[in-house]
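Asks:
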Amino acid sequence: MLSVLQQRAQNLGLDNVQPIRKSWEENWDDVPECDICVSSRSSMVADLDKALDKLNAKARKAVYMTMIVEKDFIARDILQYIGRDSVGFPNYMYALNLLHQKGYYASVDFITAECSLIKPEKIDEHSFIQSVQWSIGELTEQEMAKLKDYYAKHPNITSARGDFKTWAFVSWKK
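Numbering-wise (my numbering), the sequence shown opens with residue 1024 and increments by one.
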């Protein structure tokens, strides 16, 4: 994603775009303060409050983030079918509440995008079950049977995530 950003900046003749790839766990002392900070699809961290503080500390004017809307990557109808409501990840609402506590009035827009840039092919039953299990953890025998039944009833399924994913575009001014 950073290489695409650099290429687009170059195509537009922009010389003030400097992508920096840092993990949330790394020390950011060497990251310069800049006009804006962008964090895209990287907010599933152990301590979101600390991550927001890191972004705020480096941005002079604004911060822009894309975050998950749903708490899971698995399609809601699949979870309902097997009777599972996973713990999931903190979503954008958690970030909004944290930001509000810090005195920021964040804006939110929503982006719905296809889950894949290429047309996905039909997924086999084993991969389908593995995908669900990877996301929500161990499955009971009953959940496994229900997943197999769901798969049988949806012969053209290409992913356990669904075809589209909605992301929250969260931004705030400093």
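Backbone N, C-alpha and C define an ideal beta-carbon position, used for all residues, glycine too.
Run through DSSP, which three-state label would Trp1157 get?
Replies: Position 134 of the sequence shown, counted from the start, is the residue given in the question as residue 1157. Correct three-state label for Trp1157: helix.
Asks: Measure the C-alpha to C-alpha separation of Tyr1174 and Gly1160 and round it to an integer number of angstroms.
Replies: Looking up residue 1174 in the sequence shown gives position 151. Looking up residue 1160 in the sequence shown gives position 137. Taking the straight line from one Cα to the other gives about 18 Å.
Asks: Distance, Cα to Cα, Lys1094 vs Ile1059?
Replies: Your numbering for residue 1094 matches position 71 in the sequence shown. Your numbering for residue 1059 matches position 36 in the sequence shown. Going from the Cα of Lys1094 to the Cα of Ile1059 covers about 27 Å.
Asks: Establish whether the CB of Phe1151 and some CB of chain D are separated by less than 8 Å.
Replies: Any reference to chain D falls outside this structure, which holds one protein chain only.
Asks: Going along the chain, which unbroken runs of the beta strand (DSSP E) with 3 or more residues stay wholly within the stretch 1056-1144?
Replies: 1057-1063, 1082-1091, 1130-1137
Asks: CB-CB under 8 Å to Lys1045, same chain, minus the five flanking residues each way: which ones, in chain order?
Replies: For the purposes of this step, residue 1045 is taken as the residue at position 22 of the sequence shown. Within the same chain, Lys1045 has close Cβ partners Trp1051, Val1054.
Asks: Going by the CB atoms, is the gap between Glu1148 and Thr1181 shorter than 8 Å?
Replies: To locate residue 1181, count along the sequence shown from 1; it is residue 158. To locate residue 1148, count along the sequence shown from 1; it is residue 125. Their beta carbons are not under 8 Å apart, which means Thr1181 does not touch Glu1148 by this criterion.
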